[in-house]
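For reference, the structure is listed below as structure tokens.
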Amino acid sequence: MLTLAWRNLWRNHRRTVIMLAAITVGVWAMIFMTALMRGMVDDMLHNGIRNLPGEVQIHNRAYRDDPSINNSIPAPDKNLLKALQSDTVKAWTQRVRVPAVISSERDSRGVTLLGVEPQSEVKIGFSLDSISEGRFLSDNNDDGLVIGARLAERLETRLGKRVVIMSQDPKNNIAERGFRIIGIYKAKLASLEERYVYTGLETVQTLLKMKNRVSEIAITGEDYRNVSSWYPAIEKAAGKNMQTLPWYQIDTYLSSMLKMMDGFVLVWIIVVFLALSFGLVNTLVMAVFERVHEIGLMQALGMRPSMILYQILLESLLLLIIGLLAGNVLAIGTVIPLQDGIDISAVAEGMEMMGSSSILYPALKLNDMLLANTVVIFLGVLTSILPAWRAARFDPVEALGKE
Amino acid sequence: MKASLNIAPNMSLHIGLRMAWRNLWRHKRRTWLTVGAMIFSNLLLVFLISLQFGSYRMMIDNTLKSYTGHMQVQHRGYNDNPKIRTSIEGIIPLASKIRKQLGTDMVAARGVAFAMTSSKQRSYGLQIIGIEPQFEANVSTLPGLIIKGKYFTDSNAEEIIIGSVLARNLRVVIGDELTLLGSGRDGSFAAGVVTVAGIFESGIIDIDRSMAQLPLAYFQSLFSMGDQGHNIVINASDLTQVTALKKQVSHIISDRKELTVLDWNQLQPGLKQAIQADMTSAWFMYAVLIILVAFSVLNTQLMSVLERTREFGTMMALGLKPSRLSTLVFTETFLMSGLGLVLGTALGTLLAYYLSIVGFSYPGMEEMAVRFNLPDRMYPSLSLLSIFLGPGVVFIFSLLASLYPSLRLLFLQPVSAMRAV
Chain A
7 MLTLAWRNLW RNHRRTVIML AAITVGVWAM IFMTALMRGM VDDMLHNGIR NLPGEVQIHN
67 RAYRDDPSIN NSIPAPDKNL LKALQSDTVK AWTQRVRVPA VISSERDSRG VTLLGVEPQS
127 EVKIGFSLDS ISEGRFLSDN NDDGLVIGAR LAERLETRLG KRVVIMSQDP KNNIAERGFR
187 IIGIYKAKLA SLEERYVYTG LETVQTLLKM KNRVSEIAIT GEDYRNVSSW YPAIEKAAGK
247 NMQTLPWYQI DTYLSSMLKM MDGFVLVWII VVFLALSFGL VNTLVMAVFE RVHEIGLMQA
307 LGMRPSMILY QILLESLLLL IIGLLAGNVL AIGTVIPLQD GIDISAVAEG MEMMGSSSIL
367 YPALKLNDML LANTVVIFLG VLTSILPAWR AARFDPVEAL GKE
Chain B
4 MKASLNIAPN MSLHIGLRMA WRNLWRHKRR TWLTVGAMIF SNLLLVFLIS LQFGSYRMMI
64 DNTLKSYTGH MQVQHRGYND NPKIRTSIEG IIPLASKIRK QLGTDMVAAR GVAFAMTSSK
124 QRSYGLQIIG IEPQFEANVS TLPGLIIKGK YFTDSNAEEI IIGSVLARNL RVVIGDELTL
184 LGSGRDGSFA AGVVTVAGIF ESGIIDIDRS MAQLPLAYFQ SLFSMGDQGH NIVINASDLT
244 QVTALKKQVS HIISDRKELT VLDWNQLQPG LKQAIQADMT SAWFMYAVLI ILVAFSVLNT
304 QLMSVLERTR EFGTMMALGL KPSRLSTLVF TETFLMSGLG LVLGTALGTL LAYYLSIVGF
364 SYPGMEEMAV RFNLPDRMYP SLSLLSIFLG PGVVFIFSLL ASLYPSLRLL FLQPVSAMRA
424 V
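Taken in sequence, the protein lines are chains A and B.
With this note's numbering applied, the first sequence corresponds to residues 7 to 409, in that order.
With this note's numbering applied, the second sequence corresponds to residues 4 to 424, in that order.
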């Protein structure tokens, strides 16, 4: 029966080839487009989580609404430390994060001052490769300052120069001191280079008279998708006085993008399929129409209607499978050479508005490919049922009389 | 049919059309399926393109109208590297000169400086904008968005207007005082105490969180600016007028070599690029749809030609030129695509029109919308271009797809064709 279906398919090879081409292009477009969009959203997530940074953060309950120095938290207690040292936690760090003003002799800017623990900050995601000049901080007492390349340009300052940082202490007195710039970093998103300046944690704690309190504790696990499996334990250990949030609750833009992406992938696959289905049904209707006589003969010779139904469905299935194979191969073939990224820096500032960087890395996901293939096979067979069913219901006598 | 065949050699356009039309309906189901594919994609294209145009226009309008404006006159180099010293001398007279020569009120001068802003409890480093109270409302929507207090009227008043998020973060209400600390244009120490006169809420988080405005005259004295400012915002009546207006403005300021005029595209390159990036991905999707429809047409027409090989052979034997046959097949496609075009466009327009009135939203859109300064409901914008662009391309590609089957006919040999099954 398989042989029969196969041969039937090639009786009209032009039609079959066109239909195959259509399925191939459709499947290719489904997978390729999905890979591109996934790549973009992945990049946004990576950037987004890196900006935060930390997949889970612990803050004072009032901090999110009012990121002021007054809303700080104490350094982790015994309970929390124990939770932070569990296996699911890849790295954690604590920081002071406060609004501040940075002034060179030329200009001033508003920035976010980060007092960090250099060792654990690097573990959690600050990439040492991003330091373009000078060095990163060495320890918690380091009183050097690391600023972004764009900010240095704006302030008309450079490595080795002194700048003044002004912020407020918990009593709302202006605290200020001079810092020497010991390092300059480059970030994927230029806006970040202007926003964050880094110095040692204890340096800031002393400057702002906040003892050993911090603004936030940031924690990273192995995979950002699995955060929900381990963060409740941390939340419990942190206690009710503190707010423990995973990244998708901190940045709702990112999480809604991620959710929308899943919806978009499905809608896109179905839309392409619908456009395909018209051609598919058409081909089958024609194939049945041409063979009315033949089908009548087969029925007269004792072939049961159900067999004819299977016969036509099998033809459609073969067509779909070949098209899918070709489409998948083509998609993989086009994505792999693009693995190194597609340079779209022509629209870099536009992509930055979306939170994505200027190199697009397509991300081929097994799940998306499976989804595309399942939808095409499942709905493809479903739409073929109608013509096949009609063929099976021919009256043999009438059918034989045709032509 | 027979009658028309007899006079075929001289067949008029009218008969050609009629034959093509009748041929189409010889296979009703096949024709409808192909037309269905066209209707489906046309409907989708009209809707999506209108939606795209609608959201782009809103994105541009909302972003520009709140603050940036359609174009700005600035000192050369200010846009790339905004510095307090890169300023325009005599900015108020210059603004009124532009106002007079353009014959429009939508011109306002501004100054930009940076200051540490402190309330009793909180301090933030902020960009401080000096504005002309009597003209700012003509170029920006912010003065109209005051939710508490009022916008200023006196250019010398020691008052400040701030965004709602900023007010919450600084923990101030109307009547509270804020201390400004910064450096003036000459590098001197700038310090002043101002009263919060108004609080606005634009819904654009960035603006509500960081915008603070002072009246221009007070701003100039606080930051030792003399008669200087940093930019003159000019709005056109419509986005399409921007290019023409920009030319006029650059003519007006041509005697001041140090000045330049920048349009919104230069001021906010991200905006246009975000639109371009979105356009590119959208057109990729449209292209796929269109190609699939073209395949469908190719398939149908090729089939209909192949199954009629014998018939065509007979017609040729009767003296019909091959080119006539090609025209016939082409006309068939034309009619079929025309049908798809009309029905698809009509349905698509109806759908888009309905949604352009009631609006629509999808889950997760709110966060997206906030990011791009859009409201949380979308309204497609219908125009001739947005309606006919997509279906037009589908139409053309369908015709192109039928080229192969119809051109094949040119090489048809009557004798062998008549033998064909």
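Even for Gly, the Cβ is constructed at its ideal location relative to N, Cα and C.
Where does residue i sit, in a helix, a strand or coil, going by DSSP?
| i | result |
| --- | --- |
| Tyr367/A | coil |
| His254/B | helix |
| Leu126/B | Here residue 126/B turns out to be Ser, not Leu, going by the sequence shown. In this structure, Ser126/B counts as strand in the three-state DSSP scheme. |
| Leu321/B | coil |
| Asn234/B | strand |
| Arg44/A | helix |
| Arg422/B | helix |
| Leu183/B | strand |
| Asp241/B | coil |
| Phe363/B | strand |
| Ala160/B | coil |
| Gln416/B | coil |
| Gln216/B | strand |
| Glu159/A | helix |
| Tyr202/A | strand |
| Gly308/A | coil |
| Ser401/B | helix |
Mark residue i as exposed unless 16 or more other C-beta atoms lie within 10 angstroms of its C-beta, in which case mark it buried.
| i | result |
| --- | --- |
| Ile275/A | buried |
| Gln244/B | exposed |
| Ser58/B | buried |
| Ile10/B | Any reading at Ile10/B is ruled out, since the residue's pLDDT is 44, under 50, leaving its predicted position unreliable. |
| Lys249/B | buried |
| Phe222/B | buried |
| Asp48/A | buried |
| Met282/B | exposed |
| Thr156/B | exposed |
| Trp28/B | exposed |
| Thr348/B | buried |
| Ser109/A | buried |
| Met7/A | exposed |
| Val196/B | exposed |
| Pro96/B | exposed |
| Trp16/A | exposed |
| Arg21/A | buried |
| Arg25/B | exposed |
| Trp12/A | exposed |
| Asn85/A | exposed |
| Thr258/A | exposed |
How is the beta strand (DSSP E) around residue i delimited, first residue to last?
| i | result |
| --- | --- |
| Lys151/B | 149 to 152 |
| Met292/A | Per DSSP, Met292/A belongs to no beta strand (DSSP E); it is in the alpha helix (DSSP H), 258 to 296. |
| Glu182/A | 180 to 191 |
| Val152/A | 150 to 154 |
Which stretch, first to last residue, makes up the alpha helix (DSSP H) that contains residue i?
| i | result |
| --- | --- |
| Leu238/A | Residue identity differs from the one stated: residue 238/A is Pro in this sequence, not Leu. Residues 233 to 244. |
| Ser307/B | 272 to 309 |
| Asp266/B | Not the alpha helix (DSSP H): Asp266/B falls in the beta strand (DSSP E), residues 262 to 266. |
| Leu406/B | 406 to 411 |
| Val387/A | 372 to 398 |
| Phe222/B | 219 to 225 |
| Met313/A | 311 to 341 |
Listed in chain order, which residues of the stretch 283 to 313 of chain A have Cβ atoms closer than 9 Å to some Cβ of chain B? Ser283, Phe284, Gly285, Val287, Asn288, Thr289, Val291, Met292, Phe295, Glu296
Short-range partners of chain B found in the stretch 21 to 45 of chain A, where Cβ spacing is below 7 Å: Within the stretch 21 to 45 of chain A, the residues whose Cβ lies closer than 7 Å to some Cβ of chain B are Arg21, Ile24, Met25, Ala27, Ala28, Val31, Gly32, Ala35, Met39, listed in chain order.
Note down, in chain order, all residues in the stretch 122 to 150 of chain B with a beta-carbon under 9 Å from any beta-carbon belonging to chain A. Ser122, Lys123, Gln124, Arg125, Ser126, Tyr127, Gly128, Leu129, Gln130
Give me the subset of the stretch 17 to 40 of chain B whose CB atoms are less than 7 Å from a CB atom of chain A, sorted by chain position. Arg32, Arg33, Leu36, Thr37, Gly39, Ala40
Report the residues of the stretch 91 to 120 of chain A with a CB closer than 9 Å to any CB of chain B, ordered along the chain. Pro105, Ala106, Val107, Ile108, Ser109, Glu111, Arg112, Asp113, Ser114, Arg115, Gly116, Val117
Please list the residues of the stretch 267 to 285 of chain B that have a C-beta atom closer than 9 Å to any C-beta atom in chain A, keeping them in chain order. For the stretch 267 to 285 of chain B, which is checked against every Cβ of chain A, the residues closer than 9 Å are Gln271, Pro272, Gly273, Leu274, Lys275, Gln276, Ala277, Ile278, Gln279, Ala280, Asp281, Thr283, Ser284.
Continuous beta strand (DSSP E) assignments of at least 3 residues falling wholly in the stretch 49 to 134 of chain A: Counting whole runs of 3 or more residues, the stretch 49 to 134 of chain A contains the beta strand (DSSP E) stretches 62 to 66, 97 to 109, 114 to 122.
My parser needs the beta strand (DSSP E) runs of 3 or more residues fully inside the stretch 42 to 70 of chain B; what are they? none
Give, in chain order, every residue of the stretch 62 to 77 of chain A whose Cβ lies closer than 7 Å to some Cβ of chain B. Asp72, Ser74
Proximal residues, the stretch 62 to 87 of chain B versus chain A, C-beta separation under 9 Å: Asn84, Pro85, Lys86, Ile87
Could you list the residues in the stretch 40 to 53 of chain B with a C-beta less than 9 Å from some C-beta on chain A, going in chain order? Ala40, Met41, Phe43, Ser44, Leu47
Taking beta-carbon pairs under 8 Å, can you tell me which members of the stretch 262 to 279 of chain A lie near chain B? Contacts with chain B (Cβ-Cβ distance below 8 Å) from the stretch 262 to 279 of chain A involve Ser262, Met263, Lys265, Met266, Gly269, Trp274, Val277, Val278, listed in chain order.
What residues from the stretch 173 to 195 of chain A come within 8 Å of chain B, judged by C-beta to C-beta, listed N to C? Ser173, Gln174, Asn178, Ile180
Give, in chain order, every residue of the stretch 313 to 345 of chain A whose Cβ lies closer than 7 Å to some Cβ of chain B. none
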